[in-house]
Ligand code: IMP
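Dropping the structure here:
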């Protein structure tokens, strides 16, 4: 029987993407929604690595299974890398994706295209059951912040992020197209290779 691999993310949109990215592996992939509810750990690390590891350790130990988690965010050059690790709550505690996008557009108002550069960064952490030595993988995608949202796919800042080499935002792409170039797609291609060994 395949070993359980838990996706340690309380964000349903991210958990859906992670399930897509881990599809077809010889593991029984489970999401938190398949298990008894547990309070999320506080994401108080200064780096994507620290937060990804914290989530993988917390959920893996709580459910006594192998666990994979990611921490990710948007880093905008003109804002000195903000919102970065604070991407989820850029617009305030319990804010919506729309609140975040509105605040970002306001912060970059009047800024010309060549100054609207940004990148998404993702750190993925895999922690085997009963071991504390993690496998970490990073992925990055560079692009620009659009002047207005477009598209309905994806989540978060996707309607505002136009990856380099594209004219469409992530929210105008299908899941396969986004995964092929996204920060998360790149990090999890490495996690997949490791889990296939
Ligand atoms: P966390 O990793 O759970 O702390 O959340 C990261 C936050 O960064 C999300 O809530 C989104 O706001 C943003 N984010 C991370 N990855 C993506 C993505 O692929 N598209 C759009 N927004 C993202």
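Residue numbers (the working numbering): 106 to 302. Note that CB positions come from ideal geometry on N, CA and C, so glycine has one too.
- Listed in chain order, the non-local C-beta contacts of residue 238 below 6 Å within the same chain number zero, local neighbours out to five positions each way being set aside.
- Looking at the backbone, the Cα of residue 158 and that of residue 115 are separated by about 15 Å.
- Judged by the Cβ position, residue 144 fails to qualify as a neighbour of ligand 1 at the 7 Å threshold, every heavy atom of the ligand being at least this far.
- Residue environment analysis places residue 131 among the exposed positions, since fewer than 16 neighbouring C-beta atoms fall within 10 angstroms of its C-beta.
- In this chain, residue 280 is not harboured by any beta strand (DSSP E); it is covered by the alpha helix (DSSP H) spanning 280–286.
- Contact annotation: residue 177 and residue 227 have beta-carbon atoms nearer than 8 Å.
- Counting only residues of its own chain and dropping the five nearest sequence neighbours on each side, residue 113 has a CB closer than 8 Å to the CB of 137, 160, 161, 163, 164, 165, 172, 173 and 174.
- Assignment of residue 159 by DSSP, reduced to helix, strand and coil, places it in the helix class.
- In this chain, the alpha helix (DSSP H) harbouring residue 208 covers 202–212.
- Going by DSSP, residue 243 is part of the beta strand (DSSP E) stretching over 240–250.
- For the segment 116–171, the continuous beta strand (DSSP E) assignments of 3+ residues that do not extend past its boundaries occur at 133–136, in sequence order.
- DSSP links residue 177 through a beta bridge to 227.
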